[in-house]
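Have a look at the structure below, then the notes.
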Amino acid sequence: RESNLRWRLNDNVPIPKDAHPLNNPGLEITGPWYPLSRAYHQVNADVACAMEDEEDASPAWYIPYGSGKTVADVWEGRKNVKLFLSGKAPSPYYEKGKTYTINKPRDKWPTIFHRLPGLHLLDYDITLNDKPVPSIIVSAVIYTLNNYNSMKTAGSGVYFYLPKTQTPEEALVIEKILRRIERKLNLPIGTLKLALLYEEVNAGRYLPVILWIFRERLIKSNNGRWDYLGSLIEMWLQEKVLPDPQNITMTSPNMMAYQRYNALIMLMAGAKNGEADAAPVGGMAAVMLYPQTDPFQRNKYNPRALRGIKLDKLRERLIGLIFLSDEVKGKVTLDEILEGKVKGKLYDMFRQSWVATKEEDYVKAGNEPLRAKLEELQKMIDAPVKYVEVEGVKMPTVDSGLTPEEKSLFQRLGLLDENGKITPWVIRRDMIDTPDKLLGNKELWGGKDLWHALYDVPAGDITPEHVQHAFYMAANYGFQLLNGNLAAAIDDYELKQRFMNDLATYRIFTSWLWTLINRDAVITKDGYLKAPKLTKDGVIPADDVIKVSKGTKVKEIFESLWKLHLDWTNEFYKEQDMRASKRILEKFGKSEDKGLLEEVYKVLSKAYNAGPFREMSAKEASERIAKLLGTSPSEVEEEIINLAPRFDRSFAPVIMEILMKEFLFPKYIMNSGKILFVLSPLDPETRLKVMDSLFSFREMVEEKVKRGEIEKYVLEIYDYIYDEYH
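This is the structure in structure tokens:
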């Protein structure tokens, strides 16, 4: 209602047309712009927005030990961004034997956003008074100064995505940074626009205040589902242990409340002349479709991935249907609203959502429900049900109507009525006309006040299988992180899909495992820890070897779990190297000789063990194998290099040691990926010293510094890791 205290978002500098979340429906693709090929992928994708990343999936801010690099990847990424946005990117462009072109005119590009680092990160390349500068300042200043004119010339602007904000105090620091940049450039306050990642549960406690602080520039708020789950685990760290996080999905009651709260608060904050003028944005979908050349034919599972993203985005679209009416009580269908049978105002809030991968079929499946006209949504649900069969299991096709099981889920969520008709969220004005009603109206939040709707922990089991799976995911991501790769593809053996992971998924699994071990959590359901086995889906934990009974403390099985993952790592590399050895023998017509295969494998496994090619050079390996095969070393060397693993395997035991120390140390580390940023560049001897210091108490580190056993910088790193300020 109107009063002199009323405020709304973007009242002074309106949302630019290209950045408006309600006028540009479709997916937002996210990821780093290093190497440069990734920029071509994002710009060419059929998406509404492209977000180049300097946060959870950033190019590395550090130089991994042994990589041979002299500059951190993030600086190369910044050069790529400037090159691309200035219109000077080459087309065609060649990278690793592939050709890339820009396939759209500039005015048809997706809207470009830049994700800033969170306040918790420091940039050790830029110092002030010998102290590292907050990464967010470096990122915001460099991006704006390098790209403002290019974006303005292109008819766009500088648009940021802001992660990890938890409190109004943090929001105020960021707002001051952006206003200072605007003043330096003589720009009106609010010129630099902002999208918020609502990904911290703590932010929900202050969300209206955070929006007020960003009122001059905030255009949309994203449901950052992964970090949100990680922060929920952290919120209850001292009080309770969450069940298997693999089972806390966006359809869990607390996550439904989270999405609805985001939609409603953005509608209320942005509404202008009765029309929505700001919006929520849906969460991440990050499956990578398996190629037809996958050695285990896992591309047969791709229909599940395509169906998954379509349902995900359809569900979000329906969650965002809000019907404001002073007359209606109870349910009303979308058809009734569109036919004018009921009075009120319909708002269609979730028109954008995230995706991490560029595959055309995957993007198309996600775009369809976001871009569909309102009249088409019911038709999408009622379309004929169609299945495809994979290994005896029926899966709905991407273009199928809702199956009975899918329809039942949507009905349970309140998105469909008993007849399968879409039912928007009905809100009467008297339900939200005071803050107390907004926060405490149980009719609004499914029988609970907002606090309990958002923060009640879902019921569920803690199972040995999911504990092992969590360690598998954490260790695999941590290994790639040590190698300088923050946007990491990992094969999820439970779901039979390849997922693009970032620091947020690492946060979920490390925080949960630390909680299980340090809060004496117990297994609540009988199960097994599994040994690695070569299956039709690759080397995965598959053999039931250690029975774990209900009531067993997770701490008691941790050592066994740790050893089993070490076994998996060794078996995974063995299979990878054996497959490469077979490829080499096939190329030179020797595929039937098993004795020769074993000899080639011995050479390759040594060459690939570290670096690759640190323990044995490609030249030496090719000469040895060429001698075995009776062929030219140059031909063998080319094949060995082409088949070489992408990552340095010497980091595999490093992540295992780090996770062992981290999970058994009683002091919790928030955003523990920072440990890996710090340890990755260090030589092995220094790394061990620093690691021992990081997993001890501060007074012990201080004493070591005083005795001259370690350098003072180790104490500074300690304070950075633990967010201590002295």
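Numbering (this note's numbering), first residue to last: -3 to 722. Idealized CB from N, CA, C, for every residue including glycine.
With a cutoff of 9 Å on beta-carbon distance, L118 and P130 are scored as near each other. Here G278 really is in contact with N219; their C-beta atoms are around 6 Å apart, less than 8 Å. Leaving aside the five residues that flank Q288 on each side, the residues in its chain whose CB is nearer than 8 Å to its CB run, in chain order, N295. Of the residues assessed, R703 falls on the exposed side of the cut-off, its CB having fewer than 16 other CB atoms within 10 angstroms. Shown here for K615: same chain residues with a beta carbon closer than 7 Å to its own, the five before and five after excluded, namely E633 in chain order. In this structure, A361 sits near L302, with a CB-CB distance shorter than 9 Å. In the three-state reduction of the DSSP assignment, E635 falls in the helix class. The Cβ atoms of L193 and T163 lie no closer than 9 Å to each other. With 16 or more other Cβ atoms from the protein chains shown falling within 10 Å of its own Cβ, G114 counts as buried. Taking every protein chain shown into account, the CB of Y343 has 16 or more other CB atoms within 10 angstroms, so this residue is buried.
Closest option to Q374, judged by alpha-carbon separation, among K390, T329, D357, Q348: T329. DSSP, reduced to helix, strand and coil, places K360 within a helical segment of the structure shown.
Assigned with DSSP and collapsed to three states, P113 falls in coil, not helix or strand. Taken in chain order, the whole beta strand (DSSP E) runs of length 3 or more contained in the segment 402 to 466 are 421 to 423. In the three-state DSSP reduction, T97 falls in the coil class, being neither helix nor strand.
Under the 8 Å Cβ criterion, the segment 60 to 72 does not count as touching the segment 34 to 44, having fewer than three qualifying pairs.
In terms of Cα proximity to N145, the closest of I122, G200, L81 is L81. Judged by their CB atoms, R175 and M246 are not nearer to each other than the 9 Å cut-off.
Beta-bridge partners of T531 (DSSP): G534.
Of the candidates L263, K382, A471, L263 places its Cα closest to the Cα of L18. Per DSSP, I25 lies in no alpha helix (DSSP H) segment; the continuous beta strand (DSSP E) that holds it begins and ends at 22 to 27. Looking at the DSSP output, M496 sits in a beta bridge with A485.
Non-local beta-carbon contacts of A379 in its own chain, meaning distances under 6 Å to residues more than five positions away in sequence, involve G397 in chain order. The residue among A470, Q234, V283 with its C-alpha nearest the C-alpha of Y297 is V283.
Rounded to whole angstroms, E356 and Y286 show a C-alpha spacing of 13 Å. Residue state for L711 is assigned as helix, using DSSP reduced to three classes. Taking C-alpha positions only, V237 is separated from I229 by approximately 7 Å.
Around the beta carbon of F693, a 10 Å sphere encloses fewer than 16 other beta carbons of the protein chains shown; the residue is thus reported as exposed. Under the three-pair Cβ rule at 8 Å, the segment 549 to 560 does not count as touching the segment 587 to 597.
The residues V599, A603, I636, in chain order, have a CB closer than 6 Å to that of A617 in the same chain once the five nearest residues on each side in sequence are set aside. Here L675 really is in contact with V686; their C-beta atoms are around 6 Å apart, less than 8 Å. Note: K700 is not bridge-paired with any residue in the DSSP secondary-structure output. Straight across, the Cα-Cα distance linking N566 with D69 is about 29 Å.
One alpha carbon belongs to L112, the other to P629, and they sit about 48 Å apart. Look at F156 here: in three-state DSSP terms it is strand. DSSP, reduced to helix, strand and coil, places S613 outside both helices and strands of the structure shown, so it counts as coil.
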